[in-house]
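Novice: So the sequence shown is numbered by numbering that gives the first Met the number 0: it starts at 0 and just counts up by one. Ideal placement from N, C-alpha and C gives every residue a C-beta, glycine not left out. This one's a predicted model, so the numbers in the text were calculated from it and none came from an experiment.
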Amino acid sequence: MLNAAAMAADLPLAPLREDLRLGEAAAGPDGAPSWVIQDTVVNRFYRIGWFEFECLLRWGQTPRRISEQIASQTALKPDVEQVLAFQQFLEHNQLLRPGWQAVDRLRARSEGNPFLSWKGWLHHYLFFRIPLVRPQRLLERLAGLLDWLFHPLMAWLVLALGLLGLVLVAHQWDAFKNAVLDSFSAEGALGFALALAVGKTLHEMGHALVATRLGLKVAHMGVAFVVLWPMLYTDTGEAWKLRSARARLAIASAGILTELSIAALATLGWALSEPGALRDAFFYLATTNWILSLTLNASPFMRFDGYFILSDLLDFPNLHERAGAQARTALRRGILGLDEPWPEAFPTRQRRALVAFAIGTWIYRLVLFAGIAVAVYLLFFKVLGIFLFLVEITWFIMLPVWRELRQWWARRTAVPMSRRFLLAGLVFLFVLLLALPWQTQIHAWGMARAERQLRVYAPYPALIREIRPVGTVHKGDLLVSLGQPDIVERLQRSDAGARSYDARLLGLLADPAGLDEEAATRQRLDVQLQEVRAARSEIERLSLQAPFDGLWRDVDPNWQAGQWTGVRSALGVLYDPSSWQVDGYVKPDEVHRIQVGAEVRFYPEGQVTPIEGKVLAIGSTRVAQLEHAMLSSRHGGPLATTKQEEALVPTPSLFHVLVQLDGPPPARQETRGQLQIDGARSSLLVKGVTNALAVLRRESGF
């Protein structure tokens, strides 16, 4: 290998392609000059520094001769290996004029069909893009027609209108929240999709128009597919021609500013519009563009607009790659104790910031890619969904970790012995913590309520005559007195009929000729008497009495005598404050660790002092619906639910656990809170393996 390297150092370098262009770029943060190589065929740009520029001035000679000339004629002191590394860079990016060996390699690469290999399919599944239009002429016309949009007064006007829209929406906040809840439907999904298409189209037009106004050429616009998800894109690669970082920043931020402008104007439009299709359209445009701009496009952790904006603000090209290299070196130095040189020399403060940024990027991508993997699994049928899920997890999460661990293993002999013992001890302690059954407490959410509780309703629609005021009541006390004119009228009519038939019956008994009608008259009299008894029974039900001693509460102060009430409107709540229970909801993988009689601590929401209790009963089947709406996420609670007709169904499934409390909650009313239940000891390792096996068993049935 040494002989081959020595021979390469004395061989003339292959000439550069004649169609390449070299232009001066903006100086780096340290003031060092930089240049840009433009590949005019594929419209790609490569930023180079002073050393590479000096190499290009002397290109065509031998690497040894180039390094000697640069060392003697400039302040740089390069070696032959640096020149050879730059040659490999140019060859890898096909910037050299191909010789016969390079032509053979290109021919072999072109003859191999990438779609016939699994790597080809995988690459095109993960990312591919389709150019659709070459919009340069259209953009030049639009740039002239829309010149007024780029006046500074327009920016201030849009900002003022956006702030006005936010203020008006704040005054209509309840209506806006209802619009958000109503949007979770098939119609809402279609509206969001259309708004997304409009917003992203204008987003890319913003990039293209700003680039055109700065004199750059937009080669093409099209659709990129990232994990089969379509995303519009604009080729603004010529931005590297611009020496001004401010100009590059204008192109990078144009898309986000366009979306924010649309969101601001749509917010004002929603606030000023009457309910209808136009207002719904403004709602979808506003919410979609606000969310995408602030949560996705503005994020610097993915290669979206936020990343390029940050790179231009810092004038720091290849931020992700360079920060990642710093973080990997920091991990190797900090964890393995390796005396590995830093990839680039930075001040300590800047290096720490780069390491922190890289770690934040890794965490963000871990969460994002895991979410994408779950979404891909749910979107496709089971076999394909599982396959694509494994591809996502393997390619984006496991493979980068595996590559780094291979580097650690390859350098294991360089790790100091003391650090080896420390790492082995930490690994052993970690495994021990996972394997030991130290977990005893089971956490759950629940609702504390009185053991005896009665919500009072009218038995049927009726008039309110009297409602007892809030306070203490005794068994048999009247709570609500109701009236039903129809029943009273029916009672009077039946009573009059009964008296009439009774008198008729007396007349028939005195008349010997009326014996034939006596049986029919008695039968009619019995019917009227039964109707009287039924009417009186219904009237008695309108006097609602307390079945036990307790507190009478939650009476609507707006109820007045003479108002009608229906069967679904609660008139009040009667409960016994002497005994309290909690309806708790436990996850399926935890319920088997609970036994009747187990100690429980209930922490009412907002309280730090628990209430002791014991488990009374454990449900044997999953909860079909959630009885307490306050626990549902749809009402601000902690448990996720879906609405099926009128029922709130928990997702995921939960089991009901009934707990008897030793005392009442502080407010002596229904209270939401957390439960800590003493359960059987559990190991995190055993629990994880059990859950994994359960998932495999569930997903193995195709």
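First and last residue of the beta strand (DSSP E) that includes Ile610?
Specialist: In the sequence shown, counting from the first residue as 1, residue 610 sits at position 611. Counting along the chain, the beta strand (DSSP E) containing Ile610 begins and ends at 610-621.
Novice: Throw me the rounded Cβ distance for the Thr287 and Ala194 pair, which I believe falls under 8 Å.
Specialist: Numbered from 1 along the sequence shown, position 288 holds the residue referred to as residue 287. Numbered from 1 along the sequence shown, position 195 holds the residue referred to as residue 194. That belief holds up - the Cβ atoms of Thr287 and Ala194 are roughly 4 Å apart, short of 8 Å.
Novice: Checking 8 Å against the spacing of the C-beta atoms, do Gly636 and Gly445 come in under that value?
Specialist: If you number the sequence shown from 1, residue 636 lands on position 637. If you number the sequence shown from 1, residue 445 lands on position 446. It is not a contact, given that the beta carbons lie outside the stated cut-off.
Novice: Report buried or exposed for Thr235, applying the criterion of at least 16 other Cβ atoms within 10 angstroms of its Cβ.
Specialist: What you label residue 235 is simply residue 236 of the sequence shown in a count that begins at 1. By the 10 Å Cβ count, Thr235 comes out buried.
Novice: Quick check: what's the CA-CA separation for Pro113 versus Arg128?
Specialist: Taking the first residue of the sequence shown as position 1, residue 113 is located at position 114. Taking the first residue of the sequence shown as position 1, residue 128 is located at position 129. Any answer about Pro113 is weak, because its pLDDT of 49 lies below 50 and its placement is not dependable; what the coordinates show is given next. Roughly 15 Å between the two C-alpha positions.
Novice: Should Glu53 go down as buried or exposed, given a rule of 16 or more other Cβ atoms within 10 Å for buried?
Specialist: Residue 53 sits at position 54 when you count from the first residue of the sequence shown. Glu53 comes out buried.
Novice: Note down the Cα distance separating Met0 from Arg20, rounded to an integer number of angstroms.
Specialist: As a first step, residue 0 is located in the sequence shown; it is residue number 1 there, counting from the start. As a first step, residue 20 is located in the sequence shown; it is residue number 21 there, counting from the start. Confidence is the limiting factor: at Met0 the pLDDT is only 44, short of 50, which leaves the residue's position unreliable, though a coordinate-based value still follows. So the alpha carbons of these two residues sit roughly 34 Å apart.
Novice: For a quick check, are the C-beta atoms of Asp304 and Ser252 less than 8 Å apart?
Specialist: Position 305 of the sequence shown holds residue 304. Position 253 of the sequence shown holds residue 252. Yes, Cβ-Cβ distance for Asp304 and Ser252 is below 8 Å.
Novice: Would you mind working out which of Ala238, Ser499, Arg600 sits nearest Arg521, comparing C-alpha positions?
Specialist: Counted from its first residue, the sequence shown places residue 521 at position 522. If we check each option's Cα against that of Arg521, Ser499 comes out closest.
Novice: Can you give the Cα-Cα distance for Gly571 and Ala497, rounded to whole angstroms?
Specialist: Translated into positions along the sequence shown, residue 571 becomes position 572. Translated into positions along the sequence shown, residue 497 becomes position 498. Going by the C-alpha atoms only, they are around 38 Å apart.
Novice: Rounded to a whole number of angstroms, what is the C-alpha to C-alpha distance between Arg552 and Val354?
Specialist: Stepping through the sequence shown from its first residue, residue 552 is reached at position 553. Stepping through the sequence shown from its first residue, residue 354 is reached at position 355. Whole-angstrom Cα-Cα distance: 59 Å.
Novice: Need the endpoints of the beta strand (DSSP E) that Ala24 sits in, please.
Specialist: The residue given as residue 24 occupies position 25 in the sequence shown. Bounds of the beta strand (DSSP E) holding Ala24 are 20-24.
Novice: With respect to the beta strand (DSSP E) encompassing Ile250, which residues constitute its N-terminal and C-terminal limits?
Specialist: Along the sequence shown, read from residue 1 onward, the residue named residue 250 stands at position 251. Bounds of any beta strand (DSSP E) do not take in Ile250; it lies within the alpha helix (DSSP H) bounded by 244-271.
Novice: Alpha carbon to alpha carbon, how far is Lys216 from Met204?
Specialist: Along the sequence shown, read from residue 1 onward, the residue named residue 216 stands at position 217. Along the sequence shown, read from residue 1 onward, the residue named residue 204 stands at position 205. Straight-line Cα distance between these residues: approximately 13 Å.
Novice: Determine the extent of the beta strand (DSSP E) in which Gln37 is found, giving its start and end residues.
Specialist: By 1-based counting over the sequence shown, the position of residue 37 is 38. Looking at the DSSP string, the run of the beta strand (DSSP E) that includes Gln37 is 33-38.
Novice: Measuring straight from C-alpha to C-alpha, what distance separates Leu625 and Ala372?
Specialist: Locating residue 625 in the sequence shown gives position 626, where the first residue counts as 1. Locating residue 372 in the sequence shown gives position 373, where the first residue counts as 1. Roughly 30 Å separates the two Cα atoms.
Novice: Pick from Ser681, Ala263, Leu318, His170: whose alpha carbon is nearest that of Trp155?
Specialist: Here residue 155 is taken as the residue at index 156 of the sequence shown, counted from 1. Closest in alpha carbon position to Trp155, among Ser681, Ala263, Leu318, His170, is Ala263.
Novice: Within the same chain, show all residues whose beta-carbon is closer than 6 Å to that of Phe44, passing over the 5 residues directly before and after it, in chain order.
Specialist: Position 45 of the sequence shown, counted from the first residue, corresponds to residue 44. Answer for Phe44: Val35, Gln37, Gly236, Trp239, listed in chain order.
Novice: Just to confirm, is the Cβ distance from Lys613 to Val554 under 8 Å?
Specialist: By 1-based counting over the sequence shown, the position of residue 613 is 614. By 1-based counting over the sequence shown, the position of residue 554 is 555. No. Outside cutoff.
Novice: Quick test of your reading: Val595 and Ile617, contact by CB under 8 Å. State the CB separation rounded to the nearest angstrom.
Specialist: Residue 595 sits at position 596 when you count from the first residue of the sequence shown. Residue 617 sits at position 618 when you count from the first residue of the sequence shown. Yes, Val595 and Ile617 are in contact; Cβ-Cβ is about 6 Å, under 8 Å.
Novice: Take Arg540 and list the residues in its own chain whose beta-carbon comes closer than 7 Å to its own, dropping the five residues that flank it on each side.
Specialist: The residue you call residue 540 lines up with position 541 of the sequence shown. Excluding residues within five positions, the ones whose Cβ falls inside 7 Å are Pro458.
Novice: Would you call the region 46-66 and the region 336-351 in contact, with 3 or more CB pairs under 8 Å?
Specialist: Under the Cβ criterion (8 Å, minimum of three pairs), the region 46-66 does not count as touching the region 336-351.
Novice: Which residues bound the alpha helix (DSSP H) around Phe420?
Specialist: Locating residue 420 in the sequence shown gives position 421, counting from the first residue. First-last of the alpha helix (DSSP H) with Phe420: 416-434.
Novice: Could you pull the start and end residues of the beta strand (DSSP E) that Gly549 belongs to?
Specialist: Mapped onto the sequence shown, residue 549 falls at position 550. Unbroken beta strand (DSSP E) run through Gly549: 549-552.
Novice: Between the alpha carbons of Glu645 and Val179, how many angstroms are there, rounded?
Specialist: In the sequence shown, the residue the question calls residue 645 occupies position 646. In the sequence shown, the residue the question calls residue 179 occupies position 180. Computed Cα separation, rounded: 19 Å.
Novice: Run the CB neighbour count on Pro664, radius 10 Å, all protein chains shown included, and call it buried at 16 or more, exposed below.
Specialist: Position 665 of the sequence shown, counting from 1, holds the residue named residue 664. The residue is buried, with at least 16 neighbouring Cβ atoms inside 10 Å.
Novice: Work out the CA separation of Glu90 and Arg64 for me, nearest whole Å.
Specialist: Position 65 of the sequence shown, counted from the first residue, corresponds to residue 64. Position 91 of the sequence shown, counted from the first residue, corresponds to residue 90. When rounded, the separation of the alpha-carbon atoms in Arg64 and Glu90 is 19 Å.
Novice: Quick one: what's got a C-beta closer than 8 Å to Arg451's C-beta in the same chain, skipping five residues either side?
Specialist: In the sequence shown, residue 451 corresponds to position 452, counting from 1. Answer for Arg451: Phe547, Gly549, Tyr574, Asp575, Ser578, listed in chain order.
Novice: Whole angstroms are fine: how far does the CA of His591 sit from the CA of Asp338?
Specialist: As a first step, residue 338 must be located in the sequence shown, where it is residue number 339. As a first step, residue 591 must be located in the sequence shown, where it is residue number 592. Distance between the alpha carbons of Asp338 and His591 is about 51 Å.
Novice: Let me know the secondary structure DSSP gives Ser109 once reduced to three states.
Specialist: For the purposes of this step, residue 109 is taken as residue 110 along the sequence shown, with counting starting at 1. Bear in mind that the predicted position of Ser109 carries a pLDDT of just 48, short of 50, making it too unreliable to give a figure here.
Novice: Comparing C-alpha positions only, which one of Gly336, Arg351, Arg332, Thr294 sits nearest to Arg704?
Specialist: In the structure as shown, the chain begins at 0 and stops at 701. Residue 704 is therefore absent and cannot be evaluated.
Novice: Alpha carbons only, please: which of Trp361, Ser33, Arg600, Gln483 is nearest the one belonging to Pro299?
Specialist: Your numbering for residue 299 matches position 300 in the sequence shown. Of Trp361, Ser33, Arg600, Gln483, the residue nearest in Cα terms is Trp361.
Novice: Since Gln72 and Phe50 are thought to touch, with beta carbons under 8 Å apart, how far apart are those beta carbons, to the nearest angstrom?
Specialist: Taking the first residue of the sequence shown as 1, we reach residue 72 at position 73. Taking the first residue of the sequence shown as 1, we reach residue 50 at position 51. At roughly 13 Å, the Cβ-Cβ gap does not stay under 8 Å, so Gln72 and Phe50 are not in contact.
Novice: Quick check: Pro587 and Thr670, are their CB atoms within less than 8 Å of each other?
Specialist: Counted from its first residue, the sequence shown places residue 587 at position 588. Counted from its first residue, the sequence shown places residue 670 at position 671. In this structure, Thr670 does not lie closer than 8 Å to Pro587 by Cβ.
Novice: Here's the rule I'm using: 16 or more other beta-carbon atoms within 10 Å means buried, otherwise exposed. How should Lys199 be labelled?
Specialist: In the sequence shown, counting from the first residue as 1, residue 199 sits at position 200. Looking at its Cβ environment, which holds 16 or more other Cβ atoms inside 10 Å, Lys199 is buried.
Novice: Do Gly561 and Ile466 come within 8 Å of each other at the CB atom, strictly closer than that value?
Specialist: Counting from one through the sequence shown, the residue named residue 466 turns up at place 467. Counting from one through the sequence shown, the residue named residue 561 turns up at place 562. It is not a contact, given that the beta carbons lie outside the stated cut-off.
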